[in-house]
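Student: Residue numbers (my numbering): 95 to 392. Take a look at the following structure, please.
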Amino acid sequence: MPKGKVDTKAVGLDAGVSFIRWLTGAENLHYGLWTDLEPVAVNVGKAQEAYTERLLGFLPEGPLSILDIGGGAGETARKLVDLGHGVDIVVPSRPLAERCRANAPDARVHETTFEAFDSDTSFDLCLFSESFQYIPLRVALDKALHLAAPGGHVLIADCFRSEQFTPGGETRAVGGGHPVAEFRAALETCAGEVLRQEDITEAVAPSIDIEQGLLRVLGDAVARVDAELLTKRPVMRWLLARAAKLAFGRRRLHRLDRRLRGDERSSTAFVRNNRYLVTLIQKERERAVRPEPNAAAV
């Protein structure tokens with residue numbers, strides 16, 4: 095990152111953890127499952143709990159040794175430990191690693207990227223809960239299968255770009271992930287068998303409307319303050335605007351403005367551009383799997 099620039103990803107991560115803790119009393123950083131729930135902010139915690147319950151429903155019979163790849167703030171790992179599983183967490187962010195240690199003290203936390211992670215032991219299950227998209231597809235899939243014990247499992251819950259997704263445009267389309275067609279092709283050739291796959295796109299999509307509604311409230315407040323400064327304190331406003339441009343850059347500020355006040359992010363746009371899949375894969379019992387050469391760490 096250029097000297098003097100603010101690490102907006104780290105700032106946003108810290109702010110996101112603090113906000114979701116304030117809103118729900120927990121530190122879940124994943125989507126919610128909104129089936130049978132009214133999509134309003136007060137239900138965010140319930141929706142996230144429903145998501146976790148659906149995810150845990152994919153687990154094979156335990157107790158299991160589980161590698162939680164990504165880990166978030168450790169909330170899922172804590173639940174897994176409470177169920178009697180042994181959990182190792184791989185997380186590349188120091189702030190999140192600290193939260194994992196606080197929220198899941200009985201789990202082992204490895205502060206590193208998945209690409210750099212190494213283990214002398216295999217795992218009954220490798221879990222990607224909204225972390226698969228941040229790692230090159232074949233690296234993530236092949237290395238997880240390599241780390242899984244013979245007959246073990248890989249569980250992937252994440253967003254993928256749909257066949258209808260068209261890249262480009264002034265702002266980034268809501269959602270993300272690897273192209274779903276590439277994911278399905280990789281599943282066909284990997285050293286494992288898909289035991290179960292569920293598409294929950296429509297059930298998680300209201301999370302986007304909740305998020306955008308909260309951001310719009312913040313955006314309206316910022317716009318009101320900006321208008322007041324423009325009228326009553328123009329010099330101060332100029333100084334603040336100049337400082338923001340130097341710290342964040344013009345492009346990031348434009349994207350932030352669109353996030354706070356735009357209408358491109360919606361559940362409808364999410365469903366159009368993404369598929370949210372939960373996929374359980376069982377590794378072949380006899381075949382050894384070697385990951386592709388390591389890609390650049392993310």
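Backbone N, C-alpha and C define an ideal beta-carbon position, used for all residues, glycine too.
Quick one: is Val392 buried, meaning 16 or more other Cβ sit within 10 Å of its Cβ, or exposed?
Tutor: To locate residue 392, count along the sequence shown from 1; it is residue 298. No answer about Val392 holds up, because its pLDDT of 40 lies below 50 and its placement is not dependable.
Student: Note the first and the last residue of the continuous beta strand (DSSP E) segment covering Thr362.
Tutor: Taking the sequence shown and counting its residues from 1, the one referred to as residue 362 is at position 268. Not the beta strand (DSSP E): Thr362 falls in the alpha helix (DSSP H), residues 361 to 367.
Student: Between Ile294 and Leu221, which are expected to be in contact by the criterion C-beta below 8 Å, what is the C-beta distance as a whole number of angstroms?
Tutor: Walking along the sequence shown from the start, residue 294 turns up at place 200. Walking along the sequence shown from the start, residue 221 turns up at place 127. Not really, about 16 Å apart at Cβ, beyond 8 Å.
Student: I'd like the span of the beta strand (DSSP E) that includes Arg266, first residue to last.
Tutor: Taking the sequence shown and counting its residues from 1, the one referred to as residue 266 is at position 172. From DSSP, Arg266 is part of no beta strand (DSSP E); its letter is neither H nor E.
Student: State the DSSP-derived secondary structure class of Gln258, mapped to helix, strand or coil.
Tutor: For the purposes of this step, residue 258 is taken as residue 164 along the sequence shown, with counting starting at 1. In the structure shown, Gln258 sits in coil (DSSP, three-state: anything other than H, G, I, E or B).
Student: Counting contacts by CB-CB distance shorter than 8 Å, is Val203 in contact with chain C?
Tutor: Within the model displayed, chain C is absent; a lone protein chain is all it includes.
Student: With C-beta atoms as the reference, is Asp214 less than 8 Å away from His247?
Tutor: If you number the sequence shown from 1, residue 214 lands on position 120. If you number the sequence shown from 1, residue 247 lands on position 153. For Asp214 and His247, no; Cβs fall outside 8 Å.
Student: Classify Asp130 as helix, strand or coil using the three-state DSSP reduction.
Tutor: The count along the sequence shown starts at 1 and reaches residue 130 at position 36. Here Asp130 sits in coil by DSSP.
Student: Which residues in the same chain as Ser256 place their Cβ atom closer than 8 Å to its Cβ, once the five residues preceding and following it in sequence are excluded?
Tutor: Taking the first residue of the sequence shown as 1, we reach residue 256 at position 162. Here the set comprises Val274, Arg366, Asn367, Asn368, Arg369.
Student: Could you say which of Val136, Leu308, Ala167 lies nearest to Arg188 if we only look at CA atoms?
Tutor: Position 94 of the sequence shown, counted from the first residue, corresponds to residue 188. When only C-alpha atoms are compared, the closest one is Ala167.
Student: Taking DSSP's pairing of strands, which residues face Glu287 in a bridge?
Tutor: Here residue 287 refers to the residue found at position 193 of the sequence shown. According to DSSP, Glu287 bridges with Gln376.
Student: In or out: Arg379 buried (at least 16 other Cβ within 10 Å) or exposed?
Tutor: Position 285 of the sequence shown, counted from the start, is the residue given in the question as residue 379. Arg379 comes out exposed.
Student: If you measure between the beta carbons of Asp182 and Ala201, is that distance less than 8 Å?
Tutor: In the sequence shown, counting from the first residue as 1, residue 182 sits at position 88. In the sequence shown, counting from the first residue as 1, residue 201 sits at position 107. Yes.
Student: Since Leu149 contacts Ser223 with CB under 8 Å, what's their CB separation in whole angstroms?
Tutor: By 1-based counting over the sequence shown, the position of residue 149 is 55. By 1-based counting over the sequence shown, the position of residue 223 is 129. Yes, Leu149 and Ser223 are in contact; Cβ-Cβ is about 6 Å, under 8 Å.
Student: Nearest to Thr283 by CA position, among Phe259, Leu231, Asp303, is which residue?
Tutor: Position 189 of the sequence shown, counted from the first residue, corresponds to residue 283. Taking only the C-alpha atoms, the option nearest Thr283 is Leu231.
Student: I need the DSSP call for Tyr370, collapsed to helix, strand or coil.
Tutor: By one-based count along the sequence shown, residue 370 stands at place 276. Correct three-state label for Tyr370: strand.
Student: Please list the terminal residues of the continuous beta strand (DSSP E) segment that includes Val136.
Tutor: To locate residue 136, count along the sequence shown from 1; it is residue 42. Unbroken run through Val136: none, as it is neither H nor E.
Student: What do you reckon, are the CB atoms on Thr373 and Ile229 nearer than 8 Å?
Tutor: The sequence position of residue 373 within the sequence shown is 279, counting from 1. The sequence position of residue 229 within the sequence shown is 135, counting from 1. No.
Student: Is the CB-CB distance between Trp128 and Ala363 below 8 Å?
Tutor: Here the question's residue 128 lines up with position 34 in the sequence shown. Here the question's residue 363 lines up with position 269 in the sequence shown. Against a cut-off of 8 Å, the Cβ pair of Ala363 and Trp128 comes out as no contact.
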